[in-house]
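Accompanying notes for the structure given below.
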Amino acid sequence: MLLAAGLGTRMRPLTADMPKPLLSLAGKPLMEHALDRIEEAGIEEVVVNAHWFPDQVAAILDRREKPHTTLIREDVLLETGGGVKNALPLLGNDPFLIVNGDAYWLDGPRSTIQALASRFDDASMDALLLVIRTAAVPGEVGRGDFMLDPMGRPRRPKEREMVPYLFGGIQIVHPRLFKDAPEGPFSMNLLWDKAMEAERLFSVVHDGAWFHLSTPRDLVVAEAALATGLTRPLF
């Protein structure tokens, strides 16, 4: 599933009349880059949700032959968790990939998506997150999201604790994660916390380049880095 329904408020004014995943970087919309990586990983069917200017999202999808996409138009913004739960009837009973439509990354030695897929273990995991080392990301990324234990299991930071990892916008989840999930809008953070408590939330640290794209300035920084080759792997 590709998440493309957000309002992108921190990207204003660029998102005043278009969805954030349609902002251009390196010559094409962010969403197209994500779909390219999804196609390269061998995924043939993708569900996409849209809310803010959904016709613009539909136009991008209509001009692609692969992967095959199904668009869900959300009349009410359901946030990340609610959007995925709403799409579950189209996603089947097996673990599936979720990619943020505004995520932009460069693969390391192998496909990032394939690396996640090979790491996912149905018996021990309900969700597997791509995480990024905050120290290796150019620009301001805030406090970060997670600490990791030696097994790669994320946990929430304590007050005043240094937070070395942030979520990279790509994850694999099992549909059972949504059992007893609330109706209406809710964040995936709610389900991550549930999986964390059950010790069934795991992570993979990204080994390629990754860009934090929250504000118009972030886009300028990313464009300059890509144009000059000043990107670095996040080992």
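Under numbering that gives the first Met the number 0, the residues of the sequence shown are numbered 0 to 234, in order. The beta-carbon is built from N, C-alpha and C at its ideal position, and this holds for glycine as well.
Alpha helix (DSSP H) runs wholly inside the segment 26 to 57, at least 4 long, in chain order: 29 to 39
Terminal residues of the alpha helix (DSSP H) in which Arg-118 lies: 111 to 118
Top-ranked residue by Cα proximity to Ala-116, from Asp-74, Leu-24, Lys-157, Ile-169: Ile-169
Rounded straight-line distance, which links the Cα of Ala-86 to that of Pro-108: 32 angstroms
For Trp-209, the residue or residues it bridges with in DSSP: Trp-104
Through-space distance from Pro-149 to Met-30, alpha-carbon basis: 33 angstroms
Whole-angstrom distance between Ser-213 and Val-220, CA atom to CA atom: 11 angstroms
Paired residues, beta bridge with Ala-3 - DSSP: Ala-49
8 angstroms contact criterion, which Leu-60 and Ala-33 should meet: CB distance rounded: Contact doesn't hold; Cβ gap of about 12 angstroms is too wide.
As assigned by DSSP and simplified to three states, the class of Pro-153: strand
Unbroken beta strand (DSSP E) run spanning Val-203, endpoints: 200 to 204
Separation of Lys-65 from Ala-197, as counted between CA atoms: 37 angstroms
Integer Cβ distance of Glu-73 from Phe-185, believed to fall under 8 angstroms: Glu-73 to Phe-185, Cβ: 13 angstroms. No contact.
CA-to-CA distance, Thr-68 to Arg-152, given in whole angstroms: 32 angstroms
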